Amino acid sequence: MEKEINQQELLAKNLVYYRKASGLTQLELAEKFNYSDKSVSKWERGEGFPDVFVLKSLADFYGINVDDFYASEHKQINTTNHSSRKQIYIKLLSVSIGWLVTLLTFFLLNTLLNDSVPFQTWLVFIYGIVIMGTVLLVWDFIYHHRFLRVIDTSIVIWSSAMTIYFTFLIIMNMNLPLIFVVAAPLEVLEIIWFLFRNNKKKIGSN
Numbered sequence: 000m001e002k003e004i005n006q007q008e009l010l011a012k013n014l015v016y017y018r019k020a021s022g023l024t025q026l027e028l029a030e031k032f033n034y035s036d037k038s039v040s041k042w043e044r045g046e047g048f049p050d051v052f053v054l055k056s057l058a059d060f061y062g063i064n065v066d067d068f069y070a071s072e073h074k075q076i077n078t079t080n081h082s083s084r085k086q087i088y089i090k091l092l093s094v095s096i097g098w099l100v101t102l103l104t105f106f107l108l109n110t111l112l113n114d115s116v117p118f119q120t121w122l123v124f125i126y127g128i129v130i131m132g133t134v135l136l137v138w139d140f141i142y143h144h145r146f147l148r149v150i151d152t153s154i155v156i157w158s159s160a161m162t163i164y165f166t167f168l169i170i171m172n173m174n175l176p177l178i179f180v181v182a183a184p185l186e187v188l189e190i191i192w193f194l195f196r197n198n199k200k201k202i203g204s205n
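Following numbering that gives the first Met the number 0, the numbering of the sequence shown begins with 0 at its first residue and continues without gaps.
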């Protein structure tokens, strides 16, 4: 029983150590793994412990083994390079697949459509930007990249506006420049929301 208690205390201390060694606050770590900062605080106080799946995710994030959470000697960690490279590779792969699908769709439509169809195949590339921007936005939500979310949301907003504008202009011969007037306040709201969340995060980490 005493050995079990010591292991629990050691786990709690190591959770604190590796979090601080990675340069993260409790709130930042909680957001990365979709938990509340209260849960992280309980883990580090020894009042509750993450299950084996969360421990494995934490170990992978820190670049250590699960057993290292119960060891008295600490390992060197490098979460920034390990995590960032993996996220970059995933995003690049997603964009590459999206771009490939866009190109294939473009060539396919060029082959199948005739001149009587009121559609310009180059519109596919604008649609592709919307799709790829949305995919990147999803990854940024998963990885909790607030600043990149702002950029990708802007891409989605303005490429969507361009999609609607050119689609109506070419297919229906309707000029709708007001669509960009609608996109502008959405962009402003997005920036305000980012600043609000960023300020809330600073307050929470103090």
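Ideal Cβ positions, reconstructed from N, Cα and C, are used throughout, including at glycine.
Computed from a prediction, not measured in an experiment: that's the story for all the values here.
- Message: With the cut-off set at 9 Å, would you say valine 155 and valine 129 are in Cβ contact?
- Response: Locating residue 155 in the sequence shown gives position 156, where the first residue counts as 1. Locating residue 129 in the sequence shown gives position 130, where the first residue counts as 1. Yes, they are a contact pair.
- Message: Mapping the DSSP letters down to three states, classify glycine 97 as helix, strand or coil.
- Response: Within the sequence shown, numbered from 1, the residue matching residue 97 stands at position 98. Glycine 97: helix per DSSP, three-state reduction.
- Query: For tyrosine 69, which residues of its own chain have a beta-carbon under 8 Å away from its beta-carbon, when the five flanking residues on both sides are left out?
  - Reply: As a working note, residue 69 is residue 70 in the sequence shown. Within the same chain, tyrosine 69 has close Cβ partners Gln6, Leu9, Leu10 and Asn13.
- Residue from Leu99, Met161 and Val187 with nearest C-alpha to proline 176: One-based indexing of the sequence shown puts residue 176 at position 177. Restricting attention to Leu99, Met161 and Val187, the CA atom closest to the CA of proline 176 is found in Met161.
- How should isoleucine 63 be labelled, buried or exposed, when 16 other C-beta atoms within 10 angstroms of its C-beta is the threshold for buried? Stepping through the sequence shown from its first residue, residue 63 is reached at position 64. It counts as buried.
- Less than 9 Å separating the beta-carbons of serine 93 and leucine 147? Locating residue 93 in the sequence shown gives position 94, counting from the first residue. Locating residue 147 in the sequence shown gives position 148, counting from the first residue. Cβ distance not < 9 Å, so serine 93 and leucine 147 don't count as in contact.
- Got a sec, what are the start and stop residues for the alpha helix (DSSP H) methionine 161 sits in? The residue labelled residue 161 in the question sits at position 162 within the sequence shown. Residues 145-170.
- From phenylalanine 193 to aspartate 59, what distance separates their C-alpha atoms? Counting from 1 along the sequence shown, the entry for residue 193 is found at position 194. Counting from 1 along the sequence shown, the entry for residue 59 is found at position 60. Spanning the two alpha carbons is a distance of roughly 29 Å.
- Cβ pair isoleucine 125, serine 158 closer than 9 Å: Here residue 125 refers to the residue found at position 126 when the sequence shown is read from its first residue. Here residue 158 refers to the residue found at position 159 when the sequence shown is read from its first residue. Yes, these two residues count as a Cβ contact at 9 Å.
- Task: Enumerate in chain order the residues of its own chain whose CB-to-CB distance from proline 184 is below 7 Å, with the five nearest sequence positions on each side excluded.
- Result: On the sequence shown, residue 184 is found 185 positions in, with the first residue counted as 1. Closer than 7 Å at the Cβ level, and outside the excluded window around proline 184, lies no residue.
- Using 10 angstroms around the beta-carbon of valine 123, count the other beta-carbons present and answer buried if the total reaches 16, otherwise exposed. To locate residue 123, count along the sequence shown from 1; it is residue 124. That one is buried.
- Query: What is the residue span of the alpha helix (DSSP H) that glutamate 30 lies within?
  - Reply: As a working note, residue 30 is residue 31 in the sequence shown. Taken as a continuous stretch (DSSP letters only), the alpha helix (DSSP H) holding glutamate 30 covers 25-31.
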